[in-house]
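Numbering (UniProt numbering), first residue to last: 1 to 413.
What follows is a single structure, written as structure tokens, with notes after it.
This is how it looks when you write it as structure tokens:
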């Protein structure tokens, strides 16, 4: 009798093993991250500035003439020049370890003071950038905001809190209206906001310069184009006493950063802003009034820039003249780009630029390095931020990855 042999069931296929993430993919994330780009750009800018410091240093030039005979002398002179420059910058911007008592922390407070208008104007520009509007008019918006705050500051006589609030609101309205002109022209005629805001910068400068020669703004009895000092009640209160210039405007700037984050990330209006910035046609198809968004974005951006101008007058200068705004509006463009138009990034970038601005005077007096070096650092940062692939190619991480056989192009493919 033959036994029936049943076919054994086929073994189940072994489960496919998922490929484990390898190190190159992690390196690719590091190389492509925004943080890496920004940090490397800052380090490259500081490195290039160090080269310029050595090139301009007399001792380094003398040692360079016999560098092949005694190279140690050149490297020692170069190191001393770089160390003196950056230590002076640190002492002027962060912590003065050579000072006594409370004066040691004065530099960091000056950095905060310098960063206040940059934070506010940078936040406004960041909103525009994320909404697809390249607003170049922050300088003019800061000017008209500062002029409005100064006018309300010396003409009105109000209680302390009310006077500060009214002057700040006047600056917000003035800056918003000035930027709103560009938004309205963009919405109604399709005019380029870049060209319009550049022209508005010039108009604002010449307008306030003219008003400073008239009785509207000029101090009575003075031949200088300068306003009377704003009233004591209109000044921003000091946070650390009379020996420091740090005022409540820094807290206002931080609150504005939180408000901008909520606006762009949690509100319906911010969603519309971002939708228009991502794709105007898709936003229009979804029922968003793109023209209204253009005007709204410029109103908000100009209001923040105008508030930055008010902080400069009510918190620091107390009087207004055509040069009061300095280069705040133009520096704010760099701040917004460096901060990737995000509130936290804008605050950090403004603190960096505030540190450069606060530390440059001591850098010039103590180390003999021209203040123009700070402008070089800022310009190089802007150049590198505008070309992220160049930053990645120049980064140490890229060379380390290449050394270990990592090819970004193959990994991306």
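Yeah, the Cβ is synthetic: ideal placement off N, Cα and C, and Gly gets one too.
All figures in this text were calculated on a predicted structure; none of them were measured in a lab.
Query, Result
"Close beta carbons around residue 67, own chain, < 6 Å, minus the five adjacent residues each side", "74"
"Integer-rounded CB distance, given that residue 236 should sit under 8 Å from residue 249", "5 Å"
"Every unbroken alpha helix (DSSP H) inside the region 46-88 [4 residues or more]", "58-64"
"C-beta contact flag for residue 121 and residue 304 at 8 Å", "yes"
"Extent of the continuous alpha helix (DSSP H) run through residue 314", "No alpha helix (DSSP H) contains residue 314, which DSSP labels as neither H nor E."
"Beta-carbon spacing of residue 300, residue 337 below 8 Å", "no"
"Whole-angstrom distance between residue 286 and residue 106, CA atom to CA atom", "52 Å"
"Burial state of residue 416, where buried means 16 or more other Cβ atoms lie within 10 Å", "Only positions 1 to 413 of the chain appear in the structure, and residue 416 is not among them; the question remains open."
"Reference residue 347; option with closest CA among 197, 156, 227, 257", "257"
"Neighbourhood of residue 23 by C-beta, 6 Å cutoff - its chain only, sequence neighbours within 5 removed", "In this predicted model, residue 23 has a pLDDT of only 47, less than 50, meaning its place in the structure is not dependable; the value taken from the coordinates is given anyway. Nothing meets the Cβ criterion."
"As assigned by DSSP and simplified to three states, the class of residue 373", "helix"
"Spatial distance of residue 241 from residue 93 (CA atoms)", "19 Å"
"Per-residue DSSP class, three states only, for residue 239", "coil"
"Strand pairing of residue 163, partner residues [DSSP]", "Its beta-bridge partners do not exist; DSSP assigns none."
"Beta-carbon contacts of residue 183 that lie in its chain and below 6 Å, excluding the five residues immediately before and after", "294, 295, 298"
"Outcome for residue 71 when other beta-carbon atoms lying within 10 angstroms are tallied against a minimum of 16", "exposed"
"Nearest candidate by alpha-carbon position, reference residue 51, set 83, 95, 213, 349", "83"
"Delimiting residues of the alpha helix (DSSP H) encompassing residue 123", "106-130"
"Minimum length 4: unbroken alpha helix (DSSP H) runs contained in the region 249-310", "249-266, 268-278, 280-285"
"Distance, residue 377 Cα to residue 46 Cα", "6 Å"
"Beta-carbon gap between residue 238 and residue 244 smaller than 8 Å", "yes"
"Best match in 317, 95, 222 for proximity to residue 146 [C-alpha to C-alpha]", "317"
"Whole-number beta carbon distance between residue 185 and residue 196, since they are thought to touch under 8 Å", "5 Å"
"Residue 220, buried or exposed, once every other Cβ within 10 Å from all chains shown has been counted against 16", "exposed"
"Exposure label - residue 5; buried when at least 16 CB within 10 Å", "Residue placement at residue 5 cannot be trusted, given a pLDDT of 49 that sits under 50; the coordinates are not used to answer."
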